[in-house]
Amino acid sequence: MKKIILSILMVSLLLVVGCTEKTEANKEVYFYGWGGDPRINSYLDEDIAAVMKEKHDLTLVRVGMNIDEILTKLLGEKAVDAEGTIDVVWINGENFHTAKSNDLLFGPFLEDLPNAQKYINFDDPENQYDFGYAIEGYEAPYGKAQLVFTSYLETPPTSLETLKEYLIAHPGQFTYPAPPDFLGSAFVRNIIYETVGYEIFMDMPADYEVVKSALAPSLDYLKSLKPYMWQNGEAYPATREQLDTLFANGEVFLTMTYNPNHVSDRIDAGVFEPHAQNFLLGNKTIGNTHFLAIPKNAPNIEAAKLLINELLSVESQAKKFDPTVWGDMPVLDNNKLTDEEQKLLNVSGMGVGTLSQETLLNNRYPEMPADLVPIIEQIWLEEIPSN
Amino acid sequence: MKKQTKAILYTMPAVIFIAGTILLGTFLAILQSFGYFPEINLTKLTLKYYQELFKSPTLVKSLVYSFKTAIISTLLGVGCGLVASYAIVTGPKEHKFIKRMMALPVAIPHIIVVTIVFNLLIRTGFISRLLIGIGLLSSFQDFPNLLLTSSGIGVIVVYFWKAFPYTMMVLYSVLKSIDKRYNYVSRNLGATRLQFFFYVVLPLAKPMLITSALILFAFSFSAYEVPYLLGAIVPKALPVQAYIEYTSPILENRPYAMAINVLMMIITFFLMGVYQFVSTRVERRRYYD
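Residue numbers (the numbering used here), protein chains in the order written: chain A, 1 to 387; chain B, 1001 to 1289.
In structure tokens:
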């Protein structure tokens, strides 16, 4: 009996020692976000993790989790007032809106970060509003995406009129992913901007009837394309990957992506032929910024700030922009960079088949306010595929 | 009595864990479907979400689509699985290779099968190119649209691809355990091979057959990823609709997702109830006969 009691004591002592050691160290910083792209994952797991270890002696632990699950987790933790496990969350748009309005985020913190002070233009509307929703320092910009189109044509159609002419001449060779797929939804918004302009949406109330009447010309245009579309516009690919497959097989003449460097990666992988080239369909295309935020119940807020600050360094942003790493556009303000820093960023970003960062940034629409997006998706579903 | 208590005690941890998580999840889903979602300050119970669901013009079409794809793939899979496992068991010698092969598709996740089927069956896919290569088609335009359409063929193919070997594997062990002497006796009494199959093998395999059919149906009726990736935009399969509502950043839409989930749950429970009812009646009749 004595032996048993003694061994129980020993074991619990060990546990206690183990635990205190762990809390004393507390040398981990937890990054939660979408984990569906191995290249993005290895950027964090290898490049950034190494820097964090070396500079701050912090172990970066990346947990791949979809944002809806992250929000559910944070909501559940809030309901029972529990400390969380997430230090940094990768977020933007409607989900940021949901998280901030449900009081799930810590902040404001953006202006506390040295690299934000040094490199970020706080007056840039893209750093003030995320899908039309005021950021107020609760998010730090992480990277930029922009809708681009890819085709094998030497002179691809670059306006809505020429696209339609091309389709009439080459019926069945065009489609886009069905909203609410992220990319398909962005494509539809781009058509809307090209047909009725973007300004009217910036302070439009999230009212079904108001939005629908504003969209009328855009819906007419999309309907007029249907007879010339892939499968007569009755079936749509479900994802970007399916559209890429159709494009690679030659079934459709273009594909699209939110990552302007995606084309270099696909050419490199041998999926697209080497003469695939990006272009902009229309005057401009929608761009958006994706962000990093800190949950209110983050276990290690200081570490979270260190990580986000590190991700805003010129080196991290340049590495991220490298098409062989990820190809994600930087968020740093060119005017705040030294010549050398600018050179570092520009050299790393040019991939095969891509457009220059300058062309992209000069032809960029802001994102639509987040609460209009689901309404537009619903209207598309009611009006386009079934009519 | 003591044995029974012991049995209950031993199964308790597993039962508590499984039943606990399922019941709690179901309970929360039902609560949310009635609009109780305190995390976002919805606390008033309401029938609103069900009313909207049943008012929706697409509900019947979605139901038909889900039923159609689930029933066809299940029946085809179970039917082919039965015939194939019977053929293997009664075959002249054991084919180890075939036995191994049939376990393979069971281990491959649905999402991989979706990718395979997509690349096989799109108009510029492998099969179409093969047919063009051997001269049966002149161009891929002649190949029919099978995927992403309201026909549901792509979805059916994927579920069939999984259901067929699954049934084969399950029934193989059942058929294998049927006493060989039944065969000799029935054949001796003048039964043909077909009669032996229908009057001896089928009744013995029936409970397992129905159980696997129910499992397969319940899965293909309520899983979202396959119809999401290979199904039509209109009509959308019910689980896809639920998934879209659930993942919407507008948290106020979650109750709709839960209402759809509860509806799907009721349908599968109803079918299981029917099965239970029918099977106990069949057993009772057998007992009294």
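All C-beta atoms, glycine included, are put in the ideal place defined by N, C-alpha and C.
List the whole-angstrom C-beta distance separating residue i from residue j, where the pair is believed to meet the contact cut-off of C-beta under 8 Å.
i        : j        : result
Y1172(B) : V1089(B) : 7 Å
F1126(B) : L1147(B) : The pair is not a contact, with the Cβ atoms about 13 Å apart (cut-off 8 Å).
G353(A)  : A276(A)  : 5 Å
M65(A)   : G36(A)   : Actually they are not in contact, since the Cβ atoms of M65(A) and G36(A) sit about 11 Å apart, beyond 8 Å.
From residue i to residue j, what does the alpha carbon distance come to, in whole angstroms?
i        : j        : result
L1053(B) : P1092(B) : 56 Å
Y152(A)  : T255(A)  : 10 Å
T1074(B) : W380(A)  : 33 Å
L13(A)   : N297(A)  : Bear in mind that a pLDDT of 47 at L13(A), under 50, signals an unreliable position, so the number given afterwards is only what the model happens to contain. Their Cα atoms are separated by approximately 29 Å.
E1252(B) : P1207(B) : 43 Å
F31(A)   : P179(A)  : 28 Å
D328(A)  : L1238(B) : 36 Å
I1018(B) : V148(A)  : 48 Å
E24(A)   : E302(A)  : Residue placement at E24(A) is poorly supported in this model, since its pLDDT is 42, which falls under 50; the coordinates are not used for a value here.
L1204(B) : I1178(B) : 8 Å
R62(A)   : D47(A)   : 12 Å
Y1256(B) : S1033(B) : 6 Å
N1295(B) : V1155(B) : Here chain B comprises residues numbered 1001 to 1289, so residue 1295(B) is not present and cannot be evaluated.
P1235(B) : K1061(B) : 6 Å
I1108(B) : K1176(B) : 25 Å
R1281(B) : T175(A)  : 54 Å
F201(A)  : Y133(A)  : 13 Å
W355(A)  : G76(A)   : In the sequence on display, residue 355(A) carries Leu and not Trp. Cα to Cα, L355(A) sits roughly 43 Å from G76(A).
R1129(B) : F1140(B) : 7 Å
I1244(B) : M1258(B) : 11 Å
L332(A)  : V271(A)  : 32 Å
L1059(B) : L44(A)   : 43 Å
V963(B)  : T1069(B) : Not covered by the structure: residue 963(B). The range shown for chain B is 1001 to 1289.
Specify the secondary structure class of residue i as computed by DSSP and reduced to three states.
i        : result
L105(A)  : strand
V148(A)  : strand
R62(A)   : strand
Y258(A)  : coil
G287(A)  : strand
D37(A)   : coil
M1101(B) : helix
V1185(B) : helix
D130(A)  : strand
S1014(B) : It should be noted that the sequence gives Ala, not Ser, for residue 1014(B). DSSP places A1014(B) in helix when its eight states are reduced to three.
K1006(B) : helix
V1089(B) : helix
F981(B)  : Only positions 1001 to 1289 of chain B appear in the structure, and residue 981(B) is not among them; the question remains open.
R364(A)  : strand
V88(A)   : strand
N300(A)  : coil
M329(A)  : strand
P1218(B) : Per the sequence presented here, residue 1218(B) reads as Ala, with Pro not at that position. If DSSP states are grouped into helix, strand and coil, A1218(B) belongs with the helices.
E234(A)  : coil
A1223(B) : coil
L311(A)  : helix
N278(A)  : strand
Is residue i near the ligand SAH - that is, is its Cβ less than 8 Å away from at least one heavy atom of it?
i        : result
Y1246(B) : The ligand SAH is absent from the structure shown, which contains no ligands of any kind.
inquiry  = Taking contact to mean 3 or more Cβ pairs, one atom from each stretch, closer than 8 Å, check whether the region 1106 to 1113 of chain B and the region 234 to 251 of chain A are in contact.
reply    = no
request  = Would you check if the region 1007 to 1025 of chain B and the region 213 to 230 of chain A touch, i.e. whether three or more CB-CB distances between them fall below 8 Å?
outcome  = no
message = Taking contact to mean 3 or more Cβ pairs, one atom from each stretch, closer than 8 Å, check whether the region 279 to 294 of chain A and the region 155 to 165 of chain A are in contact.
response = yes
key: Members of the region 239 to 271 of chain A that neighbour chain B once the beta carbon cut-off is set at 8 Å   = So the list reads T239, Q242, T245, L246, N249, G250, E251, given in the order they occur along the chain.
message = Output needed in chain order: residues of the region 1107 to 1134 of chain B with a Cβ under 8 Å from some Cβ in chain A.
response = F1118, N1119, I1122, R1123, T1124, G1125
query = Are the region 1202 to 1214 of chain B and the region 1227 to 1239 of chain B touching by the rule of at least three beta carbon pairs closer than 8 Å?
reply = no
task = Identify each residue in the region 170 to 198 of chain A for which the Cβ-Cβ distance to at least one residue of chain B is less than 7 Å, and report them in chain order.
result = A178, P180
request  = May I ask you to verify whether the region 84 to 95 of chain A touches the region 112 to 122 of chain A, counting CB pairs closer than 8 Å and requiring at least 3?
outcome  = no
key: Where the region 281 to 309 of chain A meets chain B: residues whose CB sits under 7 Å from a CB there   = none
inquiry  = Between the region 1020 to 1031 of chain B and the region 1259 to 1272 of chain B, can you find at least three pairs of beta-carbon atoms closer than 8 Å?
reply    = These segments touch.
task = Could you list the residues in the region 90 to 122 of chain A with a C-beta less than 8 Å from some C-beta on chain B, going in chain order?
result = When C-beta distances to chain B are compared with 8 Å, the residues of the region 90 to 122 of chain A below that value are G93, E94, N95, H97, T98, N102, in chain order.
Near-chain A residues of the region 1226 to 1239 of chain B - C-beta to any C-beta below 7 Å = Y1228, L1229, A1232, I1233, V1234
message = With three or more C-beta pairs closer than 8 Å as the rule, is the region 370 to 380 of chain A touching the region 198 to 213 of chain A?
response = yes
key: Within 8 Å of chain B by C-beta, residues of the region 213 to 236 of chain A in sequence order   = Q231, E234, A235, Y236
query = Counting Cβ pairs closer than 8 Å, one from the region 305 to 325 of chain A and one from the region 122 to 131 of chain A, do we hit at least three?
reply = no
ask   = Should the region 68 to 88 of chain A be regarded as contacting the region 48 to 55 of chain A, the criterion being three or more beta carbon pairs within less than 8 Å?
value = no
ask   = Listed from N- to C-terminal order along the chain, which residues in the region 133 to 146 of chain A have their beta-carbon within a distance smaller than 8 Å of any beta-carbon of chain B?
value = none
message = Output needed in chain order: residues of the region 73 to 89 of chain A with a Cβ under 9 Å from some Cβ in chain B.
response = L75, G76, K78, A79
ask   = Are the region 94 to 114 of chain A and the region 262 to 276 of chain A in contact at 8 Å, needing three or more beta carbon pairs?
value = no
task = Answer yes if the region 187 to 195 of chain A comes into contact with the region 243 to 252 of chain A, meaning at least three C-beta pairs across the two stretches below 8 Å, and no otherwise.
result = no
query = Taking Cβ-Cβ distances below 7 Å as the criterion, which residues of the region 1247 to 1275 of chain B are in contact with chain A?
reply = T1247, S1248, P1249, I1250, L1251
request  = Below 8 Å between beta carbons is the criterion; list the residues of the region 1032 to 1052 of chain B that meet it against any residue of chain A, in chain order.
outcome  = P1038, E1039, I1040
key: Where the region 1138 to 1149 of chain B meets chain A: residues whose CB sits under 9 Å from a CB there   = F1140, Q1141, N1145, L1147, L1148, T1149
task = Taking a Cβ distance cut-off of 8 Å, strictly less, list which residues of the region 375 to 386 of chain A are near chain B, in chain order.
result = L381, P385, S386
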